[in-house]
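One structure below.
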Amino acid sequence: MTILDEVIESILDKVILMFDKTIENHNKAIDALISNNHNEALEVIESDEKINQLEQNINYDVMLAIAKHQPVAKDLRFLIGMIKVANDVERIADYAKSNAKTAIINSDKTFLTSLFLKNTNEMGMIISELLTECKKAFINTDVDHAYELIRNESDLVRLLNETIESNPFSEIEDNNVESFILLNGVIRTLERTRGHIANICEATIFVGNGEFVEL
Amino acid sequence: MNNIFEIINLNLWYGSKQALKNISINIDDNCVVALIGPSGCGKSTFLRCLNRMNDLIANCRIEGSILFNNENVNSDSYNEIELRKKVGMVFQRPNPFPMSIYENVIYGPKCQGLTNKKELDSIVENSLKKAALWDDVKDRLHSSALGLSGGQQQRLCIARAIAMEPDVLLMDEPTSALDPIATTKIEELINELKKDYTIIIVTHSMQQAARISDYTAFFLMGELIEYDKTDVIFANPKNSKTEDYITGRFG
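Protein chains in written order, with the working numbering: chain A, -3 to 211; chain B, 39 to 289.
Here you go:
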């Protein structure tokens, strides 16, 4: 194992930790939305700062590794991949935080419809599974698995479409604008999380074979 | 771009030991080619084939074609002195002759019979300008070349090679004996010189190869493992042996 291998491994440990904390926050935020769990939502909001800090640490460590070790080829691609992935994971964590804030507001007003909550729960579980799997694909530089994940996300797309088509906004009492914005926000965070998972799969493919793909 | 060198099935033996095995490679003009690989892989031996410096080594036997501007230079009928006029060489350690800066630069042209003072003055000025040394030495052209710094001495050696108006410059680890500032100057110079010359450089520095070359050839145990654009070699090499070497996993 080279010195650079050790450096890369220590940065990868931080990326894995960032993934794990983000998946945990995502799960808690969805659960807080579904079950009106105020405390769980607060935990997500508080722990988001640690995830932001991890991203900054990863960026700094990668910068140092490039400056000190002048990596090339797969080492360079992996370091660049870790920066890209850390950025996407941080955004996913932000969405979890946003949903946690919505959960706190919803615990007072309960404006979310039952179909919406049911679909959100299902989408949340699919996203959680996709996040776990794309973490594995990235850690192992498993290009085939990254492609497979994107091909197999049809359930998530179907649920997103079904949720939008069900027009959950129609059940908002008195056309309350704040409720409308919050509900729209939850749908948007789930849709954007899906986009960032695709980015992570693209980064995995780049690390694996150097190809820039758009999934 | 045209192929200035086309090497076909080049094999070389030192006595019974084969140092180059079936090397085939085309080299474009006006580009920088870096030869990389671990010690003893054959990269310097290959470099020396290109201006037949290996002719000077006893028990050295070469087979195959080395086409320079479509003529096979690996042939007794090709005059190696004429070849070395067109394919100049700069060595690892600066080796100025123990004479003045001016005399160093005109040494080659004078050996070729040029005596006209005006022409020689012009060669000195042009060569030193191309070697980015003119401003440093224009006021002391007749001082000893040995009084120059290491980096200046190496640029003088480049000027001395340029004075012969070659097509190709071969450089065998030209910065390995220089400090980082002198190294940077030589690298900037190489980048300028490629407008007029083809430069083939042996280097042990992966970063230098990545910084200055357009193409990189990776040699291992006398074989050419991979030859491609430098951007490809250092971002996404095709051969796992290349990847292992440039990432420092062996060699």
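We treat Cβ as the ideally placed atom computed from N, Cα and C, and that holds for glycine. In this text the structure is predicted, and so the values were computed from the model without any measurement.
For the pair Arg198 (chain B) and Ile74 (chain B), the Cα-to-Cα distance works out to about 25 angstroms.
Where Tyr253 (chain B) is concerned, the enclosing beta strand (DSSP E) starts and stops at Tyr253 to Leu258. Taking a Cβ-Cβ threshold of 9 angstroms, none of the residues of chain A is close to Asn277 (chain B); the smallest such distance is about 11 angstroms. In the structure shown, Gln56 (chain B) falls within a strand segment according to DSSP collapsed to helix, strand and coil. Exposed is the label assigned to Thr153 (chain B), since fewer than 16 other Cβ atoms lie within 10 Å of its Cβ. A contact between stretches requires three or more CB pairs, one per stretch, nearer than 8 angstroms, and the segment 181 to 192 of chain A meets this requirement with the segment 89 to 100 of chain A. If you check each beta-carbon in the segment 53 to 65 of chain A against every beta-carbon of chain B, the ones closer than 9 angstroms belong to His65.
Taking the beta carbon of Ala255 (chain B) as reference, no residue of chain A falls within 9 angstroms; the closest one sits roughly 16 angstroms away. Nothing from the segment 207 to 231 of chain B brings a Cβ to less than 8 angstroms from some Cβ of chain A. Counting of Cβ neighbours within 10 angstroms places Gln190 (chain B) among the buried residues, the total reaching 16 or more. Burial is judged here by how many other beta carbons sit within 10 angstroms of a residue's own beta carbon; Gln245 (chain B) has fewer than 16 and is exposed. For Asn229 (chain B), the closest alpha carbon among the candidates B:Arg249, B:Ser214, B:Gly53 and B:His242 is that of B:Arg249. Residues of chain B whose Cβ lies closer than 7 angstroms to the Cβ of Thr(-2) (chain A) are, in chain order, Gly286 and Arg287.
Neighbours of Gln245 (chain B) across chain A, judged by C-beta separation under 7 angstroms: Gln66.
Interface with chain A (7 angstroms Cβ-Cβ cutoff): Glu281 (chain B) is included. Within chain A, the residues placing a beta-carbon under 9 angstroms from that of Ala248 (chain B) are Gln66 and Val68, ordered along the chain. Note on geometry: alpha-carbon atoms of Phe208 (chain A) and Gly77 (chain A) lie some 11 angstroms from one another. Asn21 (chain A) sits in a helix when the DSSP states are folded into three classes.
Our two residues, Thr213 (chain B) and Ile271 (chain B), have alpha carbons roughly 22 angstroms apart in a direct line. When the alpha-carbon of Asn180 (chain A) is set against those of A:Ala199, A:Asn21, A:Leu156 and A:Asn195, the nearest one is in A:Leu156. Using beta-carbon distances, Asp84 (chain A) does not count as an interface residue toward chain B, since no partner is under 7 angstroms. In its chain, beyond the 5 residues on either side, Ala61, His65, Pro67 and Asp71 have a beta carbon closer than 8 angstroms to the beta carbon of Leu0 (chain A). If you draw a straight line from the Cα of Asn48 (chain A) to the Cα of Glu86 (chain A), it comes to about 6 angstroms. In this structure, the beta-carbon distance from Ser110 (chain A) to His34 (chain A) does not fall below 7 angstroms.
When DSSP states are grouped into helix, strand and coil, Asn277 (chain B) belongs to the coil group. In this structure the segment 95 to 107 of chain B does not lie against the segment 168 to 184 of chain B, because fewer than three pairs of beta carbons, one per stretch, are closer than 8 angstroms. Rounded to whole angstroms, the separation of the alpha carbons of Leu50 (chain A) and Leu186 (chain B) is 52 angstroms. The segment 137 to 152 of chain B and the segment 192 to 208 of chain B touch, with three or more beta-carbon pairs separated by less than 8 angstroms. Distance check between Thr116 (chain A) and each of A:Lys17, A:Val81 and A:Ala99 places A:Ala99 closest, using alpha-carbon atoms only. CA-to-CA, the gap between Asn89 (chain B) and Lys124 (chain B) works out to about 9 angstroms. Contact of Asn274 (chain B) with chain A is assigned, a C-beta pair being separated by under 7 angstroms. Here the C-alpha atom of Glu5 (chain A) lies approximately 50 angstroms from the C-alpha atom of Trp172 (chain B). Of the residues B:Asp93, B:Asn60 and B:Ile196, the one whose Cα lies closest to the Cα of Tyr235 (chain B) is B:Ile196. Against chain B, the CB of Gly77 (chain A) has no partner CB under 7 angstroms away; the residue lies outside that interface. For Asp138 (chain A), the three-state secondary structure derived from DSSP is coil. Collapsing the DSSP output to three states places Arg99 (chain B) in a strand.
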